[in-house]
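Everything on this sheet refers to the single structure shown next.
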Amino acid sequence: MNKIYCIIVMFFLAISTVFSQNNTAFFNDYYKLSFQFGVSRYTGAETTPLPSTLIYKFRNYTSPHFGFYYDVLQTDNWNFKIGVSSLLVRNFEEYKIDNSEIPNVDRDLHLYVEGSGTWRFNLPVIGEYIMNTKIGKLNFNGGLILGYSEEFGSTFSQHNIRADSSSEYTSATAVYSRSTAPWYLNGQVGVGMYFPFKGWMLRTNVYYNMAFQKLYEGDFEFTNLEQSPDQSGKFSFKGNSFGIEFSIYLANKNKKAKM
Numbered sequence: 000m001n002k003i004y005c006i007i008v009m010f011f012l013a014i015s016t017v018f019s020q021n022n023t024a025f026f027n028d029y030y031k032l033s034f035q036f037g038v039s040r041y042t043g044a045e046t047t048p049l050p051s052t053l054i055y056k057f058r059n060y061t062s063p064h065f066g067f068y069y070d071v072l073q074t075d076n077w078n079f080k081i082g083v084s085s086l087l088v089r090n091f092e093e094y095k096i097d098n099s100e101i102p103n104v105d106r107d108l109h110l111y112v113e114g115s116g117t118w119r120f121n122l123p124v125i126g127e128y129i130m131n132t133k134i135g136k137l138n139f140n141g142g143l144i145l146g147y148s149e150e151f152g153s154t155f156s157q158h159n160i161r162a163d164s165s166s167e168y169t170s171a172t173a174v175y176s177r178s179t180a181p182w183y184l185n186g187q188v189g190v191g192m193y194f195p196f197k198g199w200m201l202r203t204n205v206y207y208n209m210a211f212q213k214l215y216e217g218d219f220e221f222t223n224l225e226q227s228p229d230q231s232g233k234f235s236f237k238g239n240s241f242g243i244e245f246s247i248y249l250a251n252k253n254k255k256a257k258m
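The numbering of the sequence shown is numbering that gives the first Met the number 0, which starts it at 0 and goes up by one.
In structure tokens, the structure reads:
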């Protein structure tokens with residue numbers, strides 16, 4: 000057992016020695032402020048099950064974001080950055096009522112409704128571990144994101160259809176909240192590369208963002224159906240996301256890196 004323990008300790012000491020070189024010295028060639036932009040895919044819809052003749056749900060969507068990072072501290076293998084970014088959060092709702100559920104109507108009510116969107120502002124705090132490779136500087140990163148939403152509270156939407164001969168509408172109604180408060184917290188992990196060039200540097204990052212609270216949640220109801228009794232339920236949209244981002248650094252000609 001002691002021999003195995005010694006081997007494990009020696010292994011980790013060897014790994015530590017290999018990666019203890021100053022892999023962050025290349026930052027000295029560039030300004031600490033970088034411009035970043037990217038695109039995220041938001042997912043996580045959940046809805047109370049409905050008959051096959053009815054659909055109500057939030058749909059996944061893609062949205063861009065942009066902002067700045069500032070590298071505040073480098074050690075041998077670690078880089079820590081803070082930032083600010085803006086992103087547009089949207090709501091895509093899908094409604095469907097099959098024509099068999101609508102009295103005296105021979106067509107479906109099938110709608111895709113896109114909201115105008117809400118701007119959110121993020122303050123990420125990210126740490127990344129950097130290793131040298133033949134094609135660039137590999138990094139594994141993670142951190143927390145404190146965010147602020149400019150709009151929160153409840154939203155009401157209703158869509159109706161009826162035949163000319165009918166006195167009552169068949170309706171799909173939803174009431175949902177964007178958030179219970181303007182502030183929120185997310186976690187993020189990712190893997191990326193730094194590509195130093197003469198005059199500038201490119202950072203790429205593929206990431207997964209975990210929302211610690213629901214982006215949307217609420218209730219829906221279908222009324223005056225032909226075949227089914229009135230249907231109601233709950234829905235939510237978590238808003239976890241994955242995506243890719245790029246950061247652009249400009250060269251600082253007053254400093255030289257130790258590559």
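Cβ coordinates follow ideal geometry from the N, Cα and C atoms, glycine included.
Owing to the predicted nature of the structure, the values given are computational and were not obtained by experimental measurement.
Under the three-state DSSP convention, the category residue i falls into
i: Ala-162; result: coil
i: Val-17; result: Residue placement at Val-17 is flagged as unreliable, the pLDDT there being 45, under the threshold of 50; the coordinate-derived value follows with that caveat. If DSSP states are grouped into helix, strand and coil, Val-17 belongs with the helices.
i: Asp-218; result: strand
i: Asp-28; result: helix
i: Asn-185; result: strand
i: Phe-33; result: In the sequence under discussion, the amino acid at residue 33 is Ser, which differs from the Phe named in the question. Correct three-state label for Ser-33: strand.
i: Asn-78; result: strand
i: Ser-99; result: helix
i: Asn-253; result: coil
i: Arg-58; result: coil
i: Asp-70; result: strand
i: Val-269; result: Given that the chain is displayed from residue 0 to residue 258, the structure contains no residue 269 and the question cannot be resolved.
i: Val-286; result: Any answer about residue 286 is impossible in this case: the structure gives the chain only from 0 up to 258.
i: Leu-49; result: coil
CB contact below 9 Å: residue i versus chain B
i: Leu-224; result: Looking at the structure shown, chain B is missing, and only one protein chain is on hand.
Cβ-based burial, residue i [other Cβ within 10 Å; buried from 16]
i: Thr-23; result: buried
i: Ser-123; result: Here residue 123 is Pro; the residue named in the question, Ser, does not match the sequence. So Pro-123 counts as buried.
i: Tyr-111; result: exposed
i: Asn-253; result: exposed
i: Gly-186; result: exposed
i: Arg-202; result: buried
i: Ile-129; result: buried
i: Val-35; result: In the sequence as displayed, the identity of residue 35 is Gln instead of Val. The residue is buried, with at least 16 neighbouring Cβ atoms inside 10 Å.
i: Leu-259; result: Residue 259 lies beyond the stretch modelled for the chain, which goes from 0 to 258, so this question has no answer here.
i: Tyr-4; result: Only weak support is given to the placement of Tyr-4: the predicted model assigns it a pLDDT of 49, under 50, and the question is left unresolved by the model.
i: Arg-119; result: buried
i: Leu-32; result: exposed
CA-to-CA distance, residue j to residue i, given in whole angstroms
i: Gly-198; j: Phe-79; result: 22 Å
i: Thr-227; j: Glu-167; result: Here residue 227 turns out to be Ser, not Thr, going by the sequence shown. Approximately 16 Å, taken between the alpha carbons.
i: Ser-62; j: Thr-169; result: 33 Å
i: Asn-140; j: Arg-89; result: 27 Å
i: Phe-10; j: Gly-66; result: Low confidence applies to Phe-10: its pLDDT is 44, below 50, so where it sits in the model is not reliable enough to give any reading.
i: Ala-250; j: Tyr-206; result: 26 Å
i: Ile-96; j: Thr-46; result: 16 Å
i: Pro-48; j: Asp-229; result: 13 Å
i: Ser-176; j: Glu-216; result: 6 Å
i: Gly-191; j: Leu-137; result: 6 Å
i: Asn-121; j: Asn-159; result: 38 Å
i: Gly-117; j: Lys-133; result: Here residue 117 turns out to be Thr, not Gly, going by the sequence shown. If I take the Cα positions, the gap works out to 42 Å.
i: Thr-16; j: Gly-114; result: Annotation note: pLDDT 45 at Thr-16 (below 50); position unreliable, no value reported.
i: Val-104; j: Ala-162; result: 6 Å
i: Gly-242; j: Ile-101; result: 41 Å
i: Thr-154; j: Phe-219; result: 12 Å
i: Ser-85; j: His-64; result: 6 Å
i: Gln-157; j: Ala-44; result: 20 Å
i: Met-200; j: Asn-131; result: 15 Å
i: Gly-232; j: Ser-246; result: 43 Å
Identity of the residue in the options nearest residue i by Cα
i: Ile-279; options: Ile-101, Val-83, Lys-95; result: Absent from the model: residue 279. The displayed extent of the chain is 0 to 258, so no value can be given.
i: Pro-69; options: Arg-58, Tyr-29, Ser-51; result: Contrary to the premise, residue 69 reads as Tyr rather than Pro in this sequence. Taking only the C-alpha atoms, the option nearest Tyr-69 is Tyr-29.
i: His-109; options: Thr-52, Ala-162, Trp-77; result: Thr-52
i: Val-71; options: Arg-40, Phe-26, Glu-113; result: Phe-26
i: Tyr-248; options: Arg-119, Ile-54, Tyr-55, Tyr-193; result: Tyr-193
i: Leu-76; options: Gly-126, Gly-142, Glu-220; result: It is Asn, not Leu, that sits at residue 76 in the sequence shown. Of Gly-126, Gly-142, Glu-220, the residue nearest in Cα terms is Gly-126.
i: Val-188; options: Ser-148, Leu-224, Glu-244; result: Glu-244
i: Thr-42; options: Lys-56, Leu-32, Ser-33; result: Lys-56
i: Gln-212; options: Gly-238, Phe-196, Ser-231, Val-38; result: Gly-238
(request) Quick one: which unbroken beta strand (DSSP E) runs of 3-plus residues sit fully inside the region 110-176? Chain order, please. (result) Taking only runs of at least 3 residues, the beta strand (DSSP E) segments lying wholly in the region 110-176 are 117-131, 136-148, 153-160, 169-176.
(request) Within the region 190-250, note down every full beta strand (DSSP E) run reaching 3 residues or more, in order along the chain. (result) Counting only runs that start and end inside the region 190-250, the beta strand (DSSP E) elements of at least 3 residues fall at 199-210, 215-222, 230-249.
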